[in-house]
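A short write-up of the structure that comes next.
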Amino acid sequence: MSYLGIIFLIILTLILRLMFGVETRALLTLYILGLIIFIFAFAVAEMPPFGSVTNPVFNEMSARFLEMGAVETGAVNIVSSVILDYRAYDTLGEATVLFAAIAAVIATLKSH
Amino acid sequence: MEDQIVRLTSRLVVPFIQLYGIYVIVHGHLSPGGGFSGGAIFGASLVLIAVSFNLEAGAKQVSPQSASILESGGALGFALTGLAAVVMGGSYLANRAAGFPIGVTGDLFSSGAIFIITLFLGAKVASTIVTLFYNIIEGEKKDGTPEKHSG
Chain C
0 MSYLGIIFLI
10 ILTLILRLMF
20 GVETRALLTL
30 YILGLIIFIF
40 AFAVAEMPPF
50 GSVTNPVFNE
60 MSARFLEMGA
70 VETGAVNIVS
80 SVILDYRAYD
90 TLGEATVLFA
100 AIAAVIATLK
110 SH
Chain Z
0 MEDQIVRLTS
10 RLVVPFIQLY
20 GIYVIVHGHL
30 SPGGGFSGGA
40 IFGASLVLIA
50 VSFNLEAGAK
60 QVSPQSASIL
70 ESGGALGFAL
80 TGLAAVVMGG
90 SYLANRAAGF
100 PIGVTGDLFS
110 SGAIFIITLF
120 LGAKVASTIV
130 TLFYNIIEGE
140 KKDGTPEKHS
150 G
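Going down the list, the protein sequences come from chains C and Z.
Quick note on numbering that gives the first Met the number 0: the first sequence kicks off at 0 and runs consecutively.
Quick note on numbering that gives the first Met the number 0: the second sequence kicks off at 0 and runs consecutively.
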């Protein structure tokens, strides 16, 4: 099965090079893009179905956040308790990204 | 560009937008919203002033200098709140473990560090939007292209 694919690739290369005169560089780009598309399609096909109970996202973390979030952080809004208490590092990173973005804008626009 | 309808409408609407933005920021730990969305609402109201009047009227509300100070101060305050938790004897950015006053769950002044960080984040996001807007507009003006944003 795998050598059929290799034969197909060789024939495709010959057709593109000899009949259409495609350059080696363009062919290489085509094949690398095809490989990336293949990897992405493979990853999507392997993903668990949306909303299924057996998904890895339904673990003890979400149950802990929902049951103990208000008690442990004092915030009724569970989203707030997650982004500003359990995962405050992540939000600090987000604020840093905002800061870096505005610094880049000022550096770019003030220079000329 | 003189447009009486736009000016009057924005003059009427802007205080309510700002009040709503402050409401969303302050109630970040109680209701949907928080520092990011409330700050975006508040910043949009300041942009609306500059768009419907002119840049000078917008700069009278929040000057670009104070906006950039507020912007850096918000990020610094966030990081210093995390450091305060270390000083109080917890880990970095700890909330209850560091001994921030949690208060009664559901009250306005509750949830310790979350409330403080939300205020800093709101100030930061609002001033980020204002700073971004002013820098892009000023960059446009310096190039000599006509202003198309008024009215």
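C-beta: ideal position from N, C-alpha, C; glycine also.
Bear in mind the structure is a predicted one, so any value in this text is a computation, not a measurement.
When you check each C-beta in the region 48-82 of chain Z against every C-beta of chain C, which residues fall closer than 8 Å? Here the close residues are 67, 70, 71, 73, 74, 77, 78, 81.
Alpha helix (DSSP H) containing residue 38(Z): first to last residue? Position 39 of the second sequence holds residue 38(Z). 34-51 is the extent of the alpha helix (DSSP H) around residue 38(Z).
Minimum C-alpha distance to residue 119(Z) - residue among 64(Z), 34(Z), 106(Z): Within the second sequence, residue 119(Z) is the residue found at index 120, counting from 1. Nearest option by C-alpha distance: 34(Z).
Do you know whose CA, among 19(Z), 45(Z), 20(Z), lies nearest residue 10(Z)'s CA? What you label residue 10(Z) is simply residue 11 of the second sequence in a count that begins at 1. With distances taken between Cα atoms, residue 10(Z) lies closest to 45(Z).
Mind checking the region 88-100 of chain C against chain Z and listing, in chain order, the residues whose C-beta falls within less than 9 Å of any C-beta there? 88, 90, 91, 93, 94, 95, 97, 98, 100
Would residue 104(C) count as contacting chain Z if we go by Cβ distances under 8 Å? Translated into positions along the first sequence, residue 104(C) becomes position 105. Closer than 8 Å to some Cβ of chain Z, the Cβ of residue 104(C) qualifies, so yes.
So the candidates are 55(C), 73(C), 109(C); which of them puts its Cα closest to the Cα of residue 47(C)? Position 48 of the first sequence holds residue 47(C). The shortest C-alpha separation from residue 47(C) is found at 55(C).
Length of the line joining the Cα atoms of residue 78(Z) and residue 76(C): By one-based count along the second sequence, residue 78(Z) stands at place 79. By one-based count along the first sequence, residue 76(C) stands at place 77. So the alpha carbons of these two residues sit roughly 22 Å apart.
What is the C-beta distance between residue 79(C) and residue 113(Z), in whole angstroms, given that I count them as a contact (C-beta under 8 Å)? Sequence index remark: in the first sequence, residue 79(C) carries index 80 (1-based). Sequence index remark: in the second sequence, residue 113(Z) carries index 114 (1-based). Right, the Cβ-Cβ distance comes to about 6 Å (below 8 Å), so this counts as a contact.
What separation, rounded to the nearest whole angstrom, lies between the Cα atoms of residue 95(Z) and residue 88(Z)? As a working mapping, residue 95(Z) is identified with position 96 in the second sequence. As a working mapping, residue 88(Z) is identified with position 89 in the second sequence. So the alpha carbons of these two residues sit roughly 11 Å apart.
Residues of chain C with a CB under 7 Å from the CB of residue 29(Z): which are they? The residue you call residue 29(Z) lines up with position 30 of the second sequence. Near residue 29(Z) (Cβ distances below 7 Å), the residues of chain C are 75, 76.
Any Cβ of chain C within less than 8 Å of the Cβ of residue 8(Z)? Counted from its first residue, the second sequence places residue 8(Z) at position 9. No - not a single Cβ of chain C is within 8 Å of the one on residue 8(Z).
Candidates 102(C), 98(C), 106(C), of which the one nearest residue 123(Z) by Cα: The residue given as residue 123(Z) occupies position 124 in the second sequence. The residue with the shortest Cα to Cα distance from residue 123(Z) is 98(C).
Measuring alpha carbon to alpha carbon, tell me which residue in 121(Z), 81(Z), 49(Z) is nearest residue 61(Z). For this step, residue 61(Z) is matched to residue 62 along the second sequence. Nearest C-alpha to residue 61(Z): 49(Z).
Residue 83(C) versus residue 33(C) - alpha carbon distance: Residue mapping note: residue 83(C) aligns to position 84 of the first sequence, counting from 1. Residue mapping note: residue 33(C) aligns to position 34 of the first sequence, counting from 1. The alpha-carbon atoms of residue 83(C) and residue 33(C) are separated by roughly 41 Å.
Where residue 90(C) and residue 6(Z) are concerned, what is the direct C-alpha to C-alpha distance, given to the nearest angstrom? Translated into the one-based positions of the first sequence, residue 90(C) becomes position 91. Translated into the one-based positions of the second sequence, residue 6(Z) becomes position 7. Residue 90(C) and residue 6(Z): Cα-Cα distance of roughly 37 Å.
Contact check, residue 136(Z) vs residue 54(Z), beta carbons under 8 Å: Within the second sequence, the letter at position 137 stands for residue 136(Z). Within the second sequence, the letter at position 55 stands for residue 54(Z). Judged by beta-carbon spacing, residue 54(Z) lies within the 8 Å limit of residue 136(Z), meaning their Cβ atoms are closer than that value.
If you measure from the beta carbon of residue 65(C) to each beta carbon in chain Z, is any gap under 8 Å? Here the question's residue 65(C) lines up with position 66 in the first sequence. Interface flag for residue 65(C) against chain Z is unset, since no Cβ pair is found closer than 8 Å.
Which whole-angstrom value is the C-beta distance of residue 26(Z) and residue 32(Z), which I expect to be below 8 Å? On the second sequence, position 27 is the one that residue 26(Z) refers to. On the second sequence, position 33 is the one that residue 32(Z) refers to. Confirmed, about 7 Å.
Is DSSP giving residue 52(C) helix, strand or coil here? Residue numbering aside, residue 52(C) sits at position 53 when the first sequence is read from its first letter. Residue 52(C): coil per DSSP, three-state reduction.
For residue 95(Z), does the three-state DSSP call read helix, strand or coil? Residue 95(Z) sits at position 96 when you count from the first residue of the second sequence. Coil at residue 95(Z), not helix or strand.
Of the residues that make up the region 101-122 of chain Z, which ones have a beta carbon closer than 8 Å to any beta carbon in chain C? Per Cβ criterion, the list reads 101, 102, 104, 105, 109, 110, 111, 112, 113, 116, 117, 120.
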